[in-house]
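Before any comments, here is the structure.
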Amino acid sequence: MGFTRGSVWKNVDWWTIALYLVLVICGWFSVCGASYDYGEPNFFDITTRAGKQLMWIGCSLGLGFVILMLEDRIYDTYAYLIYGVLLLLLFGTIFNPHEIKGSRSWIVLGPVSLQPAEFAKFATALALGKYMNEYTFQMQRTRNLIAVLGIILLPMILIILQKETGSALVYLSFFLMLYREGMTGAVLFSGICAVIFFIVGLRFGAEIMPDDMTSWGEFSVLTLIILLSAFLVGRFCRQVPQLPIYIFGIGGGGTLLGTLFSNYVIPFNVCHLQLIICGAIVIALLYFYLKEQIREYLYIILFVIGSGIFFFSTDYVFNHVLEPHQKIRIEVLLGMKDDPAGAGYNVNQSKIAIGSGGLFGKGFLNGTQTKLKYVPEQDTDFIFCTIGEEQGFVGSAVVISLFMALILRLIVLSERQETRFGRVYGYCVLGIFFFHLFINVGMVLGLTPVIGIPLPFFSYGGSSLWGFTILLFVFLRIDAAREK
Amino acid sequence: MERNYDLEKRKYVIAGAVVVIVLIFLIRLLTLQIMSEDYKKNADSNAFLKRIQYPSRGVIYDRNDKLLVYNQAAYDITVIMKEITELDTTDLCQTLKITPEFLRKKFHDIKDRRLNPGYSPYTNQVFLTQLSAEDCGVFQEKLFKFPGFYIQRRTIRQYTYNAGAHILGDIAEVSKSDMEKDDYYIPGDFIGKLGVERSYEKQLRGEKGIEILLRDARGRIQGNYMDGKFDKVPVAGKNLRLSLDIELQQLGERLLEGKIGSIVAIEPSTGEVLCLVSSPSYDPRQMVGRNRGKNHLILARDPWKPLLNRAIMGTYPPGSTFKTSQALTYLQEGIITTGTSYPCNGGFNFRGLHVGCHSHPSPLQLIPAIATSCNGYFCWGLYHMIGARQKYGSVQKALNTWRDYMVSMGFGYPLGIDLPGEKRGYIPNASVYDKAYHGSWNGLTIISISIGQGEVTLTPLQIANLGATIANRGYFITPHVVKEVEGEPLDTLYSKKRYTMVDRSHYEEVVQGMRAAVLGGTCRGANLPDIEVCGKTGTAQNRGKDHSAFMGFAPMKDPKIAIAVYVENGGFGAVYGVPIGRLMIEKYLKGKLSEEDETLATEIQNRRIDYGIHER
């Protein structure tokens with residue numbers, strides 16, 4: 001660090017601040033629209049939701065200003081302290097006697113109720129940055145990796161204990177940062193494969209091929225496993241150039257022939273044949289591993305076997321581990337159960353509201369679908385409905401694009417950091433925004449499961465707005481201290 | 001910092017993922033908002049009218065399947081303020097038989113968000129509630145003249161019997177705080193306010209449905225949107241079967257007419273409450289319809305406090321009925337055996353302390369002591385227990401042991417009956433006396449708790465439960481008034497046996513004492529020729545005239561009913577408690593009263609106690 005530093009105001013990224021201000025202002029108008037249901041608008045009255053939100057926005061701007069004025073090094077210095085304090089707060093709230101709507105995650109201080117979970121994200125990001133900035137840190141070292149996972153999992157578990165599963169899932173966004181910092185892509189690859197296997201397996205598990213024997217779900221997943229193993233061998237094991245072609249040919253061709261045979265000659269369960277093919281692939285890869293002593297073969301074997309075990313255990317997990325309401329949510333989302341009156345009610349109402357917006361929307365305060373209780377949580381988790389209804393496709397597209405611009409800008413800022421601390425923290429911040437955007441908007445559009453997390457800067461509530469403001473402005477402050 | 005260009009490339013993967021997700025969202029928005037015909041119809045939001053469909057509330061039966069509470073049709077008038085055009089107020093007022101001032105105030109109140117927090121000019125707001133079918137019929141004919149007004153069918157509660165008001169409870173429009181506590185409710189909804197209507201609200205209410213109707217540009221209803229695909233069908237509330245015997249309840253209320261008191265009867269083997277009388281009571285039919293508010297206020301201001309459910313909210317000194325619990329405790333702790341005799345010469349006299357007693361042979365053993373309700377015997381028992389230093393070490397430990405026995409019998413804490421507002425009564429512990437007497441006290445100081453006086457108080461329900469525990473010889477099942485919820489198991493609390501700290505064998509001895517009391521002791525009036533009744537009187541001293549109490553059960557072997565009677569200022573236990581107890585037992589076990597007992601019942605019904613309250 002040099003001693004000649006420019007003024008904060010000269011170095012700070014005004015692009016991000018501008019995006020932030022635009023988003024917050026749009027957010028306030030949305031809260032006005034969502035909470036308004038009276039003839040005469042009275043948005044500046046402190047007793048209304050809009051008035052309160054305005055007050056919190058004011059506080060947030062103050063907070064942002066203060067953060068920019070503070071010394072940038074305090075975050076690095078006190079990262080562990082901040083992290084520790086928030087862990088204690090989270091731990092404390094588990095025993096909190098005050099319940100707000102069945103949740104104990106709120107700390108009530110006189111007129112203000114705060115949710116420590118909203119601030120714990122910031123603290124965790126700082127702690128991760130500090131730890132990963134250590135000179136000896138190496139992503140590949142098991143000890144370091146376990147410590148990193150510990151830093152992420154500790155607050156996550158505490159939040160799950162408060163029954164705020166939605167807020168806890170946000171911590172998964174840190175894996176984006178870990179990926180950038182060199183976590184092997186295999187982790188993300190396995191994660192995505194797991195999700196695909198889970199969805200395909202469940203969605204089509206009960207649908208049977210014309211031969212009356214084979215389940216579409218099982219068939220598709222096993223086909224995917226064979227094709228992916230061929231792809232992986234082709235990508236990572238170049239010693240035997242014909243091998244991927246053989247796997248592809250024997251696996252794919254065998255499956256195809258088997259299917260035809262089963263459908264037109266003698267019906268049998270094609271999946272059994274596929275399992276035999278998988279077994280053959282494993283044995284073949286094992287042979288090449290022993291011969292060539294190249295680890296990649298072993299990994300691919302693990303992938304094939306792991307995928308199989310995972311797939312056949314999802315049924316069990318789905319039926320025995322998940323809570324009934326979570327099961328129903330997933331079934332409705334996958335279109336297995338049409339239940340617009342029950343579990344699908346929220347999402348259907350929100351789709352009607354958005355759909356009724358059309359190209360240009362009904363105009364500010366003219367939305368009616370989102371008024372009152374037809375769309376639940378319409379000024380918190382489902383606020384995007386109001387935007388969709390009142391501002392139409394144009395307004396919604398602008399809002400989503402603004403978020404995209406913010407996240408892309410944050411990638412640029414993170415990449416120009418001079419310390420690993422700054423970059424790690426930056427990726428954590430953008431990961432969190434991305435996750436919130438993905439889950440929240442996806443939920444309202446009926447694309448992701450209903451998980452109760454707010455849309456940053458839009459959802460009504462002081463804790464979440466302050467939490468996101470702190471998250472962002474601390475990063476801006478760190479960024480403003482760079483030398484170039 | 002060294003740069004790893006291989007890893008830096010990953011920023012493109014991440015940025016790519018963000019762009020792809022955002023693109024997916026945009027495509028989804030495009031299909032929802034612009035491509036889809038289904039949602040395009042919604043562009044004009046006035047096309048929709050969302051009407052709430054109310055489920056029918058569960059009905060209530062007694063234990064013999066007699067219908068107690070059912071639903072009757074009533075009509076609400078609702079209004080959508082934005083749709084009112086050219087309202088002819090005079091015509092409206094005439095049709096609905098309301099004054100123009102009332103109309104003006106009503107509109108003002110609807111718009112006032114402090115009174116009506118869920119107000120919106122676009123949705124149905126409650127205008128008038130619970131109109132009869134006739135009144136509504138007149139309005140229905142003229143409905144076309146009043147755009148914006150709607151009729152909504154609702155049900156109101158009706159009661160078959162004028163009895164059991166405290167148990168059945170009632171329903172009323174939700175208050176603001178109800179809506180804040182549970183966002184299921186919106187203005188105009190009904191919620192259970194008292195009795196089982198309140199404690200089983202969630203089961204009784206069912207679940208509201210929503211019907212989405214399509215309207216044309218003029219507001220005429222065209223039918224259900226997408227053939228009702230998005231409608232939510234209401235789920236009817238669950239029916240309740242009470243453990244109450246409504247005829248027994250009626251007899252109890254009749255016997256306590258003009259008196260303040262309670263009768264509680266429990267089936268010992270199940271903990272089911274057979275009757276729960278609190279006098280004075282009121283007619284549940286008063287609490288229905290548009291006059292509920294007015295009638296409720298009158299009852300709330302009544303100096304006799306008819307709204308108070310004394311059976312579970314009144315806390316009284318149990319008097320001598322409490323002696324049975326003392327005998328059990330002393331026996332279990334080895335302070336006495338059945339052979340132990342104590343002297344009683346006109347009472348308990350020791351170191352200048354005197355607790356009076358009536359005349360009976362002295363000294364005497366436990367069974368005659370229970371039969372004659374000897375004060376001296378139980379005072380000695382407590383004195384020896386509290387003073388047993390080699391056993392307990394200190395008076396504090398001795399008293400806390402005593403307290404543990406009492407709590408195990410269900411005293412000092414609410415039993416957990418399925419009715420709102422149950423009181424806990426009071427059982428003192430050592431620290432209470434340490435504070436009151438600055439640490440210097442002994443068995444003599446607190447002697448009156450042994451005969452159910454002093455600091456000890458119980459609810460009539462707890463006294464009846466004591467009877468049930470003795471009848472069961474050592475355990476009880478938490479008393480409850482609901483026997484069955486349709487299609488739902490009962491809380492396991494109401495089937496679990498709760499054992500006391502006393503052995504079964506000691507209970508047999510107390511049962512013998514209670515039987516002796518009926519055969520030749522203080523409860524002779526409770527004797528029935530062909531049923532073995534066991535009983536214990538109580539005469540509780542207090543500031544005014546003594547309270548008259550009785551606790552008993554029958555038959556002695558295989559008991560079917562345990563009962564507590566408590567009549568405020570009724571004098572000796574034998575005056576009111578015993579005969580009322582006997583009549584109730586007879587009624588329940590035989591199904592009806594004999595002819596001379598019917599005369600006795602009418603005689604007791606007509607007796608009055610002067611409480612110095614005259615405005616009734």
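For the protein sequence lines, the chains are A and B, in the order given.
For the first sequence, full-length UniProt numbering begins at 1 and goes up steadily by one.
For the second sequence, full-length UniProt numbering begins at 1 and goes up steadily by one.
Glycine included, C-beta positions come from ideal geometry on N, C-alpha and C.
This structure is a prediction, so every number in the text was calculated from the model and none was measured.
Inter-residue Cα distance where the pair is residue i and residue j
i	j	result
Ala-17 of chain B	Phe-384 of chain A	21 angstroms
Ser-401 of chain A	Ile-21 of chain B	11 angstroms
Glu-296 of chain A	Cys-237 of chain A	7 angstroms
Leu-26 of chain B	Asn-348 of chain A	18 angstroms
Thr-380 of chain A	Gly-461 of chain A	7 angstroms
residue 558 of chain A	Gly-442 of chain A	The structure shown does not extend to residue 558 of chain A, since chain A spans only 1 to 484, so no value can be given for it.
Phe-127 of chain B	Thr-270 of chain B	47 angstroms
Asn-144 of chain A	Ala-125 of chain A	16 angstroms
Pro-363 of chain B	Pro-489 of chain B	53 angstroms
Gly-289 of chain B	Asp-302 of chain B	21 angstroms
Ile-335 of chain B	Tyr-383 of chain B	10 angstroms
Pro-244 of chain A	Gly-205 of chain A	29 angstroms
Val-317 of chain A	Thr-184 of chain A	27 angstroms
Glu-323 of chain A	Ile-330 of chain A	11 angstroms
Leu-472 of chain A	Val-429 of chain A	7 angstroms
Thr-459 of chain B	Asp-245 of chain B	21 angstroms
residue 625 of chain B	Gly-387 of chain B	The question about residue 625 of chain B has no answer here: the residues shown for chain B are numbered 1 through 616.
Val-444 of chain A	Leu-23 of chain B	16 angstroms
Tyr-171 of chain A	Arg-141 of chain A	22 angstroms
Lys-373 of chain A	Lys-232 of chain B	With a pLDDT of 48 at Lys-373 of chain A, under the threshold of 50, the modelled position of this residue cannot be trusted, and the question is left open.
Bounding residues of the beta strand (DSSP E) (the contiguous stretch that carries residue i)
i	result
Arg-153 of chain B	149-159
Tyr-416 of chain A	It should be pointed out that residue 416 of chain A corresponds to Arg in this sequence rather than to Tyr. Note, Arg-416 of chain A: premise wrong, no beta strand (DSSP E); not H, not E.
Lys-545 of chain B	Premise fails: Lys-545 of chain B is in no beta strand (DSSP E) and is neither H nor E.
Ala-206 of chain A	Here Ala-206 of chain A belongs to no beta strand (DSSP E), and DSSP marks it neither H nor E.
Asn-263 of chain A	Looking at the DSSP string, Asn-263 of chain A is not in any beta strand (DSSP E); the run it does join, the alpha helix (DSSP H), is 253-264.
Ala-564 of chain B	561-567
Phe-230 of chain B	Element bounds for Phe-230 of chain B: n/a, residue is neither H nor E.
Glu-173 of chain B	171-173
Nearest-angstrom Cβ-Cβ length linking residue i and residue j, presumed shorter than 8 angstroms
i	j	result
Gly-166 of chain A	Ile-453 of chain A	5 angstroms
Gly-467 of chain B	Ala-526 of chain B	Not confirmed; about 12 angstroms, so no contact.
Leu-115 of chain B	Asp-109 of chain B	5 angstroms
Met-177 of chain A	Gly-395 of chain A	Going by Cβ atoms, the distance from Met-177 of chain A to Gly-395 of chain A rounds to 31 angstroms, so no, they are not a contact pair.
Thr-214 of chain A	Cys-271 of chain A	6 angstroms
Gly-237 of chain B	Ser-56 of chain B	7 angstroms
Ala-327 of chain B	Gly-521 of chain B	Not quite, the Cβ-Cβ distance comes to about 14 angstroms (not below 8 angstroms), so this is no contact.
Lys-351 of chain A	Gly-446 of chain A	6 angstroms
Ile-417 of chain B	Ile-263 of chain B	With 8 angstroms as the limit, Ile-417 of chain B and Ile-263 of chain B do not qualify as a contact, their Cβ atoms being about 15 angstroms apart.
Leu-419 of chain B	Ser-243 of chain B	Actually they do not touch by this definition, with Cβ atoms about 12 angstroms apart.
Interface residues of chain C facing residue i [CB-CB closer than 9 angstroms]
i	result
Val-19 of chain B	The displayed structure is made up of protein chains A and B, and chain C is not among them.
Enclosing alpha helix (DSSP H) for residue i [first to last residue]
i	result
Tyr-316 of chain A	295-316
Gly-64 of chain A	49-69
residue 617 of chain B	Beyond the ends of chain B as shown, which are 1 and 616, falls residue 617 of chain B; an answer cannot be given.
Gln-72 of chain B	No alpha helix (DSSP H) contains Gln-72 of chain B, which is instead part of the beta strand (DSSP E) from 67-79.
Thr-123 of chain B	Note, Thr-123 of chain B: premise wrong, no alpha helix (DSSP H); not H, not E.
Val-288 of chain B	Run containing Val-288 of chain B: none; DSSP gives neither H nor E here.
Phe-190 of chain B	Unbroken run through Phe-190 of chain B is the beta strand (DSSP E), 190-192; no alpha helix (DSSP H).
residue 492 of chain A	Residue 492 of chain A lies beyond the range of chain A shown here (1 to 484); nothing can be said about it.
Gly-577 of chain B	577-590
Report task. Just list the alpha helix (DSSP H) runs in the segment 453-502 of chain B, keeping only unbroken ones of 4 residues or longer that don't cross its boundaries, in chain order. Result -> With a minimum length of 4 residues, the continuous alpha helix (DSSP H) runs that stay inside the segment 453-502 of chain B are 460-471.
Query raised in the report: Quick one: complete alpha helix (DSSP H) runs, 4+ long, within the segment 335-418 of chain B?
Result: Correct list: 366-372, 375-386, 389-392, 395-408.
Query raised in the report: If you scan the segment 293-328 of chain B from start to end, which runs of the alpha helix (DSSP H) of 4 or more residues do you find wholly inside it?
Result: Listed in chain order, the alpha helix (DSSP H) elements of length 4 or more contained wholly in the segment 293-328 of chain B are 310-313.
Report task. Pull out every residue of the segment 425-456 of chain A whose Cβ sits closer than 9 angstroms to any Cβ of chain B, in chain order. Result -> Tyr-427, Leu-430, Gly-431, Phe-434, Leu-437, Phe-438, Val-441, Gly-442, Leu-445, Gly-446, Leu-447
Query raised in the report: When Cβ atoms are compared, which residues of the segment 386-403 of chain A fall closer than 9 angstroms to chain B?
Result: Gly-388, Glu-389, Gly-392, Phe-393, Ser-396, Ala-397, Ile-400, Ser-401, Phe-403
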